[in-house]
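2 protein chains.
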Amino acid sequence: MPGGLKAIEQAGDRALSLVDSAYAALKQAIRESVFAPGYQASAGELALRLGVSRTPVHEAALRLQEEGLVRILPKRGIVICALAPDDIREIYEVLIAIEAGAAELAANLPEVERFALADDLQLETDRMEQALAAGDLTGWGRADEAFHRILVERCGNRRFMRIIQTVNDQSHRARMLTLRLRPRLPISGAEHRATIDAIRNGMPEAAREAARHHRVRARDELLPLIESVGLRHL
Amino acid sequence: MPGGLKAIEQAGDRALSLVDSAYAALKQAIRESVFAPGYQASAGELALRLGVSRTPVHEAALRLQEEGLVRILPKRGIVICALAPDDIREIYEVLIAIEAGAAELAANLPEVERFALADDLQLETDRMEQALAAGDLTGWGRADEAFHRILVERCGNRRFMRIIQTVNDQSHRARMLTLRLRPRLPISGAEHRATIDAIRNGMPEAAREAARHHRVRARDELLPLIESVGLRHL
DNA sequence: GCATTGCAGCTTCCATGGAAGATGGTAGCT
DNA sequence: AGCTACCATCTTCCATGGAAGCTGCAATGC
Numbered sequence: 534m535p536g537g538l539k540a541i542e543q544a545g546d547r548a549l550s551l552v553d554s555a556y557a558a559l560k561q562a563i564r565e566s567v568f569a570p571g572y573q574a575s576a577g578e579l580a581l582r583l584g585v586s587r588t589p590v591h592e593a594a595l596r597l598q599e600e601g602l603v604r605i606l607p608k609r610g611i612v613i614c615a616l617a618p619d620d621i622r623e624i625y626e627v628l629i630a631i632e633a634g635a636a637e638l639a640a641n642l643p644e645v646e647r648f649a650l651a652d653d654l655q656l657e658t659d660r661m662e663q664a665l666a667a668g669d670l671t672g673w674g675r676a677d678e679a680f681h682r683i684l685v686e687r688c689g690n691r692r693f694m695r696i697i698q699t700v701n702d703q704s705h706r707a708r709m710l711t712l713r714l715r716p717r718l719p720i721s722g723a724e725h726r727a728t729i730d731a732i733r734n735g736m737p738e739a740a741r742e743a744a745r746h747h748r749v750r751a752r753d754e755l756l757p758l759i760e761s762v763g764l765r766h767l
Numbered sequence: 534m535p536g537g538l539k540a541i542e543q544a545g546d547r548a549l550s551l552v553d554s555a556y557a558a559l560k561q562a563i564r565e566s567v568f569a570p571g572y573q574a575s576a577g578e579l580a581l582r583l584g585v586s587r588t589p590v591h592e593a594a595l596r597l598q599e600e601g602l603v604r605i606l607p608k609r610g611i612v613i614c615a616l617a618p619d620d621i622r623e624i625y626e627v628l629i630a631i632e633a634g635a636a637e638l639a640a641n642l643p644e645v646e647r648f649a650l651a652d653d654l655q656l657e658t659d660r661m662e663q664a665l666a667a668g669d670l671t672g673w674g675r676a677d678e679a680f681h682r683i684l685v686e687r688c689g690n691r692r693f694m695r696i697i698q699t700v701n702d703q704s705h706r707a708r709m710l711t712l713r714l715r716p717r718l719p720i721s722g723a724e725h726r727a728t729i730d731a732i733r734n735g736m737p738e739a740a741r742e743a744a745r746h747h748r749v750r751a752r753d754e755l756l757p758l759i760e761s762v763g764l765r766h767l
């Protein structure tokens, strides 16, 4: 955790509570694998590292537990949760269900918003293709992530966004890995375009099915890959 | 909150922490409208009522906030969240997306489990019809709730269950109201049967669409009803 | 050699007190 | 009268200490 809370409190600027800061710092540390899955920490130790007392650390840990990132073992400590292949499957099933719903909602938006959303989605898809042409894998991943985030963020259902946020936090480490594992990427562009067109033209069923199909294919492609590599947890 | 924590600690039997007890007690109190939406409480007051100190109450409040049941206003207090019609819409959209996904998964289960699940779902549907014939509205609601819970509980995705649990906690009060508001109920039986048959016969697409259609119809029936009654919050 | 028991060191859990912040009413000023 | 500034009071936020519980190891008994 380089620099402890300082960086985060600066970044958040606006009067973040110690709990919020600790929560953000720990979450980031987990996302970036500063703490490996299975690592067992104590609230006291983390509090020392972050320069706060045990209380805010404990409350942050409770929130992280709520989101499935850590488990608090009574009287024993805090352990970083690992993801089994079954978890990846479950997470993809959530993505399939929710993003399909989000695409349907998006296609039902008033025309102005629909067009603006479609434009923004197109922008990210273009970025993906550019990154692909330049061989920039990280850039491709970032644009892909943005596409999916924007779709859910702007569909008009805040609960969808919340759900997606939770599973994304859980699966970020897996995502970083599978990005490098995949043999080929270019299909995504066409599938994104199908979703975008359906949204722009206000066709809810088509949008839903396009988004569904996109995630279903990704799941069917990645799951066997993960299993074949023999990952027990990540 | 009749009896405070005592009843809950007894019920839970197994060494429940004070935080868990307080969480359960507060959640139940909110579900049963002991605290009306908009009611503002302080952690100290609730702690006094429950017979514990402020710390476990505060941690329970954090969990409830995570689930959207209360809001903690910094330095001000804890307020019980109200549900606007827009929230009901969002909740139904979540139900539509997740339950459709659950039905699809269920239809893909191994035959033994599929049959057992279909039987149990049929049992609840039968209970609904019996309750309907007897004019027992509460019994009908309970069986309907059981049907939907069992479907998600046994589909093989624990995250689905968790998501549904959260929105159900939020919408329980609204459910109690709309149950009495609806002009007629009997259609549900047939729609449940369509879902059950598709699951039993291992037809994922059919199961998904049946479950989807069931919730879509319920939404399209209830939302205008709620708006027409002019509920601003519940 | 093997099982059991006791203990030391760790952990969380919960209570409590002080500090800082938000609010609403009142007094004082223009 | 209307507006501002202040202050009493209530609240959460966070630090800290004591109590209880879990684990692993060593010592003891068989």
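Protein chains in written order, with our numbering: chain A, 534 to 767; chain V, 534 to 767.
Ideal placement from N, C-alpha and C gives every residue a C-beta, glycine not left out.
Going by DSSP, what residue range makes up the alpha helix (DSSP H) through GLY689(V)? Per DSSP, GLY689(V) belongs to no alpha helix (DSSP H) and is neither H nor E.
Tell me which same chain residues have a C-beta within less than 6 Å of the C-beta of LEU579(A), skipping the five on either side of it? Here the set comprises VAL590.
So, under 8 Å CB-CB, ALA679(V) and GLU657(V) are touching, yes? Tell me the CB distance rounded to an integer number of Å. At roughly 5 Å, the Cβ-Cβ gap stays under 8 Å, so ALA679(V) and GLU657(V) are in contact.
In three-state terms, what does DSSP make of GLY674(V)? Helix.
Among VAL612(A), ILE631(A) and ILE759(A), nearest to LEU710(A) - alpha-carbon criterion: Ranked by Cα distance from LEU710(A), the first of VAL612(A), ILE631(A) and ILE759(A) is ILE759(A).
Under 8 Å between C-beta atoms, does GLY577(A) make it to chain V? With 8 Å as the cut-off, GLY577(A) does not count as an interface residue toward chain V.
At 9 Å on the CB atoms, spell out the chain V contacts of GLU724(A), in chain order. Residues of chain V passing the Cβ test: none, with the nearest at roughly 19 Å.
For ILE697(V), does the count of other Cβ atoms within 10 angstroms reach 16, so buried, or fall short, so exposed? Burial call: buried.
How about GLY634(V): is its C-beta nearer than 8 Å to some C-beta of chain A? Put simply, the CB of GLY634(V) is near chain A, with a gap under 8 Å to one of its CB atoms.
Alpha carbon of LEU743(V) to alpha carbon of HIS725(V), nearest angstrom: Sequence inspection shows Ala at residue 743(V); the Leu mentioned does not correspond to that position. Rounded to whole angstroms, the separation of the alpha carbons of HIS725(V) and ALA743(V) is 8 Å.
At least one CB of chain V closer than 8 Å to the CB of GLU686(A): is that the case? Residue contact check for GLU686(A) against chain V: no CB pair falls below 8 Å.
Quick one: which residues of the stretch 683-707 of chain V get their C-beta closer than 8 Å to a C-beta of chain A? List them in chain order. For the stretch 683-707 of chain V, which is checked against every Cβ of chain A, the residues closer than 8 Å are ASN690, ARG691, ARG692, PHE693, ILE696 and VAL700.
Would you list the residues sitting across from GLN655(A) in a DSSP beta bridge? In DSSP, GLN655(A) forms no bridge with anything.
Considering Cα atoms alone, identify which of LEU559(V), ARG682(V) and LEU712(V) is closest to GLY777(V). The structure shown does not extend to residue 777(V), since chain V spans only 534 to 767, so no value can be given for it.
Measure from the C-beta of GLU599(A) to each C-beta in chain V and report whether the shortest distance is under 8 Å. Chain V, which has a Cβ nearer than 8 Å to the Cβ of GLU599(A), makes this yes.
Limits of the unbroken alpha helix (DSSP H) element including ARG587(V): Counting along the chain, the alpha helix (DSSP H) containing ARG587(V) begins and ends at 587-599.
I'd like to know if ILE631(V) contacts chain A, where contact means its C-beta is closer than 8 Å to some C-beta of that chain. Yes, ILE631(V) lies at the interface with chain A (some Cβ there is under 8 Å from its Cβ).
Just checking: is the beta-carbon of VAL590(A) within a distance shorter than 8 Å of some beta-carbon in chain V? Chain V contact via Cβ: absent.
Would you kindly work out how many angstroms separate the C-alpha atoms of GLU637(V) and ALA557(V), rounded to a whole number? Per the coordinates, the alpha-carbon of GLU637(V) lies some 32 Å from the alpha-carbon of ALA557(V).
Ignore the nearest five residues each way along the sequence and tell me which others in GLY601(V)'s own chain have a CB closer than 7 Å to its CB. Excluding positions up to five away in sequence, the list reads CYS614 and GLN703.
I'd like to know whether the C-beta of GLU626(A) is nearer than 8 Å to at least one C-beta of chain V. Between GLU626(A) and chain V, the shortest Cβ-Cβ separation is below 8 Å.
Taking any Cβ of chain V, which residues in the stretch 638-651 of chain A have a Cβ under 8 Å from it, in chain order? Flagged, chain order: LEU638.
Is it the case that the CB of GLY668(V) approaches a heavy atom of the ligand ATP more closely than 7 Å? Of ligands this structure carries none, so the ligand ATP is not represented either.
Return the CA-CA distance between PRO757(V) and ALA593(V), expressed in angstroms with no decimal places. Cα to Cα, the separation comes out at about 35 Å.
By a C-beta neighbour count over all protein chains shown, 10 Å radius and 16 as the cutoff for buried, is GLY668(V) buried or exposed? That one is exposed.
How about the stretch 641-653 of chain A and the stretch 728-747 of chain A: do they share at least three Cβ pairs that are nearer than 8 Å? Three or more beta-carbon pairs separated by less than 8 Å link the stretch 641-653 of chain A to the stretch 728-747 of chain A, which places the two stretches in contact.
Look up ALA739(V) in the DSSP assignment and say whether it is helix, strand or coil. It is helical.
Where GLN543(A) falls, given that 16 or more other Cβ within 10 Å makes a residue buried: Low confidence applies here, because GLN543(A) scores a pLDDT of 40, under 50, leaving its location unreliable; read the following figure in that light. Around the Cβ of GLN543(A), a 10 Å sphere holds fewer than 16 other Cβ atoms; the residue is exposed.
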